[in-house]
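Using UniProt numbering, read the sequence shown as starting at 1 and increasing by one per residue.
Glycine is no exception: its CB is placed at the ideal position from the N, C-alpha and C atoms.
Bear in mind the structure is a predicted one, so any value in this text is a computation, not a measurement.
First the structure, in the form of structure tokens, and then the observations on it.
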Amino acid sequence: MEIFKSIVTNVLTALYQPFWFAILLTIFILFFYMYAYHPTDAGKGIKTACIAWVRTFKNSLYFRKLFCLVFFTVMILFRTLLNRNMWMNPLPDVMGGWWVWSTQVDGTVTLTTECFENIALMLPFTFLLMWTAKEKLLKEKGRQICFTSILWYSTKAAFLFSLTIEFLQLFLRLGTFQLSDLCYNTLGGAIGGVLYWMGWKVKKQ
């Protein structure tokens, strides 16, 4: 119960802190997307642009899906890169922690839920990615939408995204490079893909 309480508290705190920042940044990013791919009302003023954005959000399911995906991606980047302090040594513990109990230098054992938080961090990302872009990732490449293809792409996306974040943390000194984070993030991405496939099968049937 203590572990579950700690996980819920840390995850909700991580979501609460950057919430409004992520909302505003997502809106601005989708302004650029809308006028890059659908420049119908471009150059007609701020008011017209805002009306066009709201109209697109109401009428386009894909646009709403993209909003959710970009929003959660910004939340991840805020948690892992944008809101981190500089570290003098980003390689103090390359292997990282692999379970809920962590042994300190003085021998004391403390509870840590970082492994579960890393799984929970990436799980919604791949779920939203498959929900938003499965046609572009699979159908346009001649692949059928099936369990193996969704699992492969979701796992690969989670691994590459997590690897990019870990190397940015290493080179920018924003956090620590840990293989356990990479492993658990990839596992969370795979679980997100499986959950999406299950939901897609239920909806299809």
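Pairing residue 184 with residue 9, the inter-Cα distance amounts to about 19 angstroms. For residue 149, the uninterrupted alpha helix (DSSP H) segment begins and ends at 147 to 172. In the DSSP assignment, residue 127 falls within the alpha helix (DSSP H) that extends over 114 to 137. Listed in chain order, the non-local C-beta contacts of residue 74 below 7 angstroms within the same chain comprise 22, 25 and 26, local neighbours out to five positions each way being set aside. In the three-state DSSP reduction, residue 199 falls in the helix class (H, G or I).
Counting of Cβ neighbours within 10 angstroms places residue 190 among the buried residues, the total reaching 16 or more.
For residue 58, the enclosing alpha helix (DSSP H) stretches over residues 46 to 59. Boundaries of the alpha helix (DSSP H) around residue 26: 19 to 37.
In the three-state reduction of the DSSP assignment, residue 175 falls in the coil class, being assigned neither a helical nor a strand state. Shown here, residue 188 sits in a helix according to DSSP, grouped into three states. Contact annotation, residue 182 with residue 129: C-beta distance approximately 18 angstroms; criterion of less than 8 angstroms not satisfied. The straight-line gap separating the alpha-carbon atoms of residue 126 and residue 65 is approximately 13 angstroms. If the five residues before and after residue 34 are omitted, its C-beta is found closer than 8 angstroms to the C-beta atoms of 52, 53, 56 and 63, all from its own chain and listed in chain order.
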